[in-house]
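Trainee: For what it's worth, our numbering labels the leading residue of the sequence shown as 6, then goes sequentially.
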Amino acid sequence: MTEPSNESTPDLSEYQLGESVGYLISRVKSTLSNLITQRSMAELGITSQQGSILFMVASGKCLLAAELAREYGIDASAVTRLIDRLEKRGLLTRVRSNEDRRVVRLALTPEGHAIAARMPGIFNGVLDSLLNGFTPEEVGFLKSMLRRVLINSGEQAGLPRDTASHLDSKS
């Protein structure tokens, strides 16, 4: 067992969590995801993450499980489970490449395409309610700031990493 440090630790009661940019970004992402899930479950019977994956495959941005894992920052086994659920529901299929048999691409079924096509409406509807009262200039400024955060992290702005970034069309 280690001895407690004699160094003074900051008083946690003085930390203003509600003023933390990281906390606020995390809360907004969580709220956005929850609201999209509520709508997508009610209208389509899928979660926001499932709908987002269908959208990413339909758009051609992510056609491999490894690309989805990178895009969402989740491990390959979690992506495999998500793909398994979507495949079991008949929304997507795995297609082995003719050129390289090791490569397995993802393809949407007609029902998967139909759901993917409805996701932007859900994304934008939720975002419209969350950005109620924002001017177009404020929305543009918010997008600019978020892109700068992504650039600072090493991400390329304009190449969305998660569901919320697909909502970028609002301005």
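Just so you know, even glycine gets a beta-carbon here, dropped at the ideal spot from N, CA and C.
What whole-angstrom Cβ distance do A81 and V100 have, given they're in contact under 8 Å?
Mentor: With 8 Å as the limit, A81 and V100 do not qualify as a contact, their Cβ atoms being about 18 Å apart.
Trainee: Just confirm the distance between the C-beta atoms of G56 and I156, as a whole number of angstroms; I'd bet it's less than 8 Å.
Mentor: Not a contact, Cβ separation roughly 27 Å.
Trainee: Taking 8 Å as the limit between beta carbons, can you name the residues of its chain near A70, skipping five residues before and five after?
Mentor: Answer for A70: A81, V84, T85, I88, V109, L111, listed in chain order.
Trainee: To which residues does DSSP link R152 through a beta bridge?
Mentor: Looking at the DSSP assignment, R152 forms no beta bridge with any residue, so it has no partner.
Trainee: Taking the straight line between their C-alpha atoms, what separation do you get for P165 and T140?
Mentor: Note that P165 scores a pLDDT of 47, beneath 50, so its modelled location is shaky; the value from the coordinates is reported in the next line. Their Cα atoms are separated by approximately 23 Å.
Trainee: Leaving out the 5 sequence neighbours to the left and right, which residues in its chain are closer than 8 Å to A122 when beta-carbon positions are compared?
Mentor: Contacts found: A63.
Trainee: In three-state DSSP terms, what is L132?
Mentor: The answer is helix: DSSP assigns L132 an H, G or I state.
Trainee: Thinking just about the alpha-carbon of each residue, which of G130, R32, E160, T114 is nearest to the one in K93?
Mentor: Answer by Cα proximity: T114.
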